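Input: a single structure, listed below in structure tokens.
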Amino acid sequence: MKKILTFWHLLAGLLLGFGLGLAISWIIAPLELTDAPPSLLRTDFKDGYRALIASAYASTGDLERAEERLATLNDPDIITALENQTNRTSTNEDSPESLETLNALVIALKGESPAKQITNTPTPFYTQTPQLPTKTGTPATPTITFTPEAATATLTPIPINTRTPRATTEASLTPSTPYILATQDELCSTNISEGLLMVYVSDASKKAVPGAEIIVEWDGKEEHFFTGLKPELGNGYADFAMEANKSYALRLAAGSVAVSGLGAPPCQDDDGNHYWGSIRLRFEQP
Amino acid sequence: MSRWIQALLATLLGLAIGLFYGWRIAPVEYTDFAPNALHEDYRNDYILMVAESYQNEKDLEKAAHQLALISSAPPTEIIAESLATSDYAQKDIDILEKLLLEMRAWQPSLSESVP
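Shown next as structure tokens:
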């Protein structure tokens, strides 16, 4: 005890100095971090960062690079983070381009071909809104574009020229078929992206069903896409960009009739220009 | 040595330990950064993303706004500096140079505000 009393002044000095040191290093003159990783960005800046990654991906189509960039944000699940942002973006009425590019990136990350999900096709002959040519003269790469007119038209499509639907083959119902094909239309409208396979899924009470998995097959290939990724067009809505002169078959993963023989219908506008129309399918639970 | 001097030396030692602890071992942890605090590598990648995005969107005002988040310097300076200091692949350099070229020719109107 006597020894402690002898050194109390040293102990007090040490503690006082330590306290002062902490006050200086934590409060008065904390380290200024200028080498932050993207994971430390504020939430709204993270959203902006993700939107920029999606936009850059829409331009380059480099999914690997997009994934590397998303990984720097340290999100527990990058797809969930993107989907959450998509929901926030649609709620906040952010730019539709941002929403579209985010959706396309989500789809690509889920393992589907992004190019197939992009709405406007790059071929000048078919394109309603031709893109600016690049300086090198190479054809513009498929890019994600979104026109509000197209969105409006998709919600309430008004065919300019209607034509008799091409005969399609419907497979027989499987033992468990919760969805039936309620309607199938071919749409010729310059306001809708070309060659779009538009699918609407609703339940027995006519309520839109989000997250319904749709399987499309053609030429031995198969792709899956989901309803609800374009909430601005309805929670039960999904679309797929068809290539010209190809035949597709479509069904719902939950079970439905398989609709085959689907292809972009040839259309003609008022000036006699040819373009590819779209197909609209409505699935419902009986 | 007097007790006061011993106490002073102990205080200085404690101060040194406290500073070392507060600056090196357990420094203040920041969150909620703005993009201007990004590490140089991430800044350069951010600038590249803006250029890639511009290829698709063709919106110089938007690109300028995005670049303004990482620096108060003019957009052309930001791109030029990034080109000079970073080791980009040739295709990325082409994309950045294209944006730089178009940004140099761009004159924002008075009504437009670029932060």
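Protein sequences appear in the order of chains A and B.
Position 174 (the first sequence) corresponds to 195 in the numbering used here; numbering is contiguous.
Position 66 (the second sequence) corresponds to 97 in the numbering used here; numbering is contiguous.
Quick reminder that beta carbons are idealized off the backbone N, C-alpha and C, glycines included.
Nothing here was measured: the structure is a model prediction, and the numbers come from that model.
Around T116 (chain B), no beta-carbon contact reaches into chain A at under 7 Å, the shortest distance being about 15 Å.
Relative to the Cα of T81 (chain A), the nearest Cα in the group B:L100, B:L79 and B:P58 belongs to B:L79. Contact check between the stretch 35-43 of chain B and the stretch 225-245 of chain A: fewer than three CB pairs, one atom from each, fall below 8 Å, which does not count as touching.
Nearest to L283 (chain A) by alpha-carbon distance, out of A:N294, A:G132 and A:L217, is A:L217. If you compare the alpha carbons of A:E305, A:D65 and A:A259 with that of T204 (chain A), the shortest gap goes to A:E305. Close partners of I48 (chain B) in chain A (Cβ separation under 9 Å): L35, G38, F39 and G42. By the C-beta criterion, the stretch 50-68 of chain A is judged to be in contact with the stretch 66-82 of chain B, since at least 3 inter-stretch pairs fall below 8 Å.
Within the stretch 62-80 of chain B, those residues whose Cβ lies closer than 8 Å to any Cβ of chain A are, in chain order, T62, D63, F64, A65, P66, A68, L69, H70, E71, Y73, D76, Y77, L79 and M80. Judged by their CB atoms, L208 (chain A) and R301 (chain A) are nearer to each other than the 8 Å cut-off.
G255 (chain A) and P199 (chain A) do not touch by the CB rule: their CB atoms are close to 19 Å apart, not below 8 Å.
Interface criterion met: the Cβ of F66 (chain A) is under 8 Å from a Cβ in chain B. The criterion of a C-beta distance shorter than 8 Å is not satisfied by G69 (chain A) and L44 (chain B).
Any Cβ of chain A closer than 8 Å to the Cβ of L43 (chain B) would place that residue at the interface, and such an atom is present. For R135 (chain B), none of the residues of chain A pass the 8 Å Cβ criterion, the least Cβ distance being about 15 Å. Burial check for E243 (chain A): the Cβ neighbour count within 10 Å stays below 16, so the residue is exposed.
For T107 (chain A) and I100 (chain A), the gap between their C-alpha atoms comes out near 10 Å.
Burial is judged here by how many other beta carbons sit within 10 angstroms of a residue's own beta carbon; K131 (chain A) has fewer than 16 and is exposed. Under DSSP, the beta-bridge partners assigned to A270 (chain A) are A:E238. Q86 (chain B) has a beta carbon lying within less than 8 Å of a beta carbon in chain A. E264 (chain A) carries a coil assignment under DSSP once its states are collapsed to helix, strand and coil.
Contact between the stretch 51-66 of chain B and the stretch 32-52 of chain A is present, with at least three C-beta pairs closer than 8 Å.
Annotated three-state conformation of H70 (chain B) is coil, per DSSP.
For M219 (chain A) and A229 (chain A), the gap between their C-alpha atoms comes out near 14 Å.
Within chain A, the residues placing a beta-carbon under 9 Å from that of P58 (chain B) are S46, W47, P51, L52 and L54, ordered along the chain.
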